[in-house]
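In numbering that gives the first Met the number 0, the protein residues as written are 0 to 348.
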Amino acid sequence: MKTEIARIGNNALENEKILAHAAEIIKSGGLVAFPTETVYGLGANAVDSYAAEKIYSAKGRPSNNPLIIHIASALDVDKYACVNDKYALLAEAFMPGPVTAILKKRDNIPMSVTGGLDSVAVRVPSHPIAHRLIELSGVPIAAPSANTSGRPSPTCATHVIEDLDGKIDMIIDGGQVEIGLESTIVKLDGEYPTLLRPGGVTLEQLGALFGEVKVDKAVTQKLSEGERPLAPGMMYRHYAPKSPLELFDGSDEDFFEFITSIKDKEKIAVIAYDEDIQTLIKAGVGRDNILSLGNSEDIKSHAARLFSLLRECDKHDFEKIYSRLPSREGISLALYNRIIKAAGYRVIS
Ligand code: AMP
Ligand code: MG
């Protein structure tokens, strides 16, 4: 299949034409990748079972891993899911935005979209391209991240092209995304709101909104044999670069001492911060082996760059990649969750 690639630029009329064309593809059962404020999504008509199923084969995604459906307005969610008081609170505070609610599904959402569950994940993206595409399509859009299953989620169109060129109808290139990590997922169909995946809306913000918020074990810990995460997707190997990644839990001094003690430094990569670059070079690490998440204080930049750096690692033949274990506070919990999964929970302390 030939994948059409269309770039959104400064010409409003041209952009509208591109999005109208993409909406036609969605309406006729095709697949379109598009930018959102979190990561790029791979979209299909969520009320067309056959179209939604194509997403699974393009991504190589297990069929029991349900899709998030994207809706133009928080007020329309009621058409596809049974909304409740907790949803109303969440929507008022954070929608449109980087948060997904799990609610009981209505019958118009096919079981293929929800992986056989009777609940559905709904999100109202704030990104203008995503928003306009849903509006013009006139249907809810099922859209997981637009990567091959298991690889880091795409934060720019190049990542989507790497994984899906030739497998989908169209890619809308809207530049670099803002957040760079997938949405916060909060389960609202039970007694207590439960965090299933941390993201741009933080646990602290949800706590302030709801009072008590439970956290699914899979957010921070490796599950034991037989345990199941509440979000089926958290079960799968994810984000892992080809070379093994190990995380260091300790002070900066101990981290540098540890890196200094490594013998074959040509074969390692270190994911660190701008301020570490000189220290790491002095410790004997080559400049090309140091990948920076940005300034150490700029947590937003760490989140935005992580997936891109993990993809960059795959272009080299490193024997090992080292990074620090992030904190679990604020948006950093999302970073912690993604990087510890990418590392297969290998932590050196
Ligand atoms: P992605 O679309 O790649 O961002 O992944 C979506 C995540 O949402 C996966 O981890 C899914 O398992 C999770 N998810 C989607 N629908 C549901 C649902 N009904 N209940 C629990 N988790 C869900
Ligand atoms: Mg994904």
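Idealized CB from N, CA, C, for every residue including glycine.
Straight across, the Cα-Cα distance linking LYS241 with LYS264 is about 18 Å. Closer than 8 Å to some heavy atom of the ligand MG: that does not describe the Cβ of PRO197.
Exclusion of ASN294 from the 8 Å shell around the ligand MG follows from its C-beta lying no nearer than that to any non-hydrogen atom of the ligand. In the displayed model, ILE68 falls within a strand according to three-state DSSP.
In the structure shown, the three-state DSSP call for ARG345 is coil. Distances from the CB of ASN336 to the heavy atoms of the ligand MG are all 8 Å or more. By a beta-carbon distance limit of 8 Å, HIS130 contacts ALA71. Their separation comes to about 6 Å.
The three-state secondary structure of GLU36, taken from DSSP, is coil. HIS69 is positioned such that its CB atom lies no closer than 9 Å to that of VAL112.
Counting C-beta pairs with one atom in each stretch, the region 81–90 and the region 52–59 have fewer than three that are closer than 8 Å, which means they do not touch.
Between ASP168 and LEU12, the beta carbon gap of about 22 Å keeps them out of contact (Cβ cut-off 8 Å). Relative to the ligand MG, the beta carbon of GLU36 is positioned no closer than 8 Å to any heavy atom. Going down the chain, each residue whose beta-carbon is closer than 7 Å to a heavy atom of the ligand MG shows up: PRO143, SER144, ASN146, SER152, GLU181, GLY232. Rounded to the nearest angstrom, the gap between the Cα atoms of ASP248 and GLU203 is 23 Å. For LYS340, the Cβ stays outside the 8 Å cut-off from all heavy atoms of the ligand AMP. Only exposed fits ILE280, as fewer than 16 other CB atoms lie within 10 angstroms of its CB.
Within a 10 Å sphere around the beta-carbon of ARG345 sit fewer than 16 other beta-carbons, which makes this residue exposed. Apart from sequence neighbours up to five positions away, the residues of its chain that approach CYS155 with a beta-carbon distance below 6 Å are GLN175, ordered along the chain. Going by C-alpha positions, ILE289 is about 7 Å away from ILE276. With a cutoff of 8 Å, ILE140 does not count as near the ligand AMP, since its C-beta is closer than that to no heavy atom of the ligand. Between ASP215 and LEU205 a beta carbon distance of about 13 Å is seen, past the 8 Å cut, so the two are scored as non-contacting.
Per DSSP, LYS58 is not a residue of any beta strand (DSSP E); the alpha helix (DSSP H) it occupies stretches across 48–58. Bridge pairing for LYS104: ALA80 [DSSP].
ALA45 is not a Cβ neighbour of PHE33, given a cutoff of 9 Å. SER125 has its CB no nearer than 8 Å to any heavy atom of the ligand AMP. Under the three-state reduction of DSSP output, GLY210 falls in the coil class, being neither helix nor strand. At least one heavy atom of the ligand AMP sits closer than 8 Å to the Cβ of LEU66. Excluding the 5 residues flanking it on each side, ILE7 has same chain C-beta neighbours closer than 7 Å at ASN14, ILE17, ILE128, ILE171, ASP172, GLY173, in chain order. Using a cutoff of 8 Å, the CB of ALA303 does not count as near the ligand AMP, since none of the ligand's heavy atoms is closer than that. Set against 8 Å, the gap from the CB of LEU116 to the closest heavy atom of the ligand AMP is smaller.
Looking at the DSSP output, PHE93 bridges to nothing.
For ARG6, the secondary structure class from DSSP, reduced to helix, strand or coil, is strand.
No residue range can be given for ASP117, since it is assigned to no alpha helix (DSSP H) and is classified by DSSP as neither H nor E. Looking at the DSSP output, SER291 sits in a beta bridge with ALA271.
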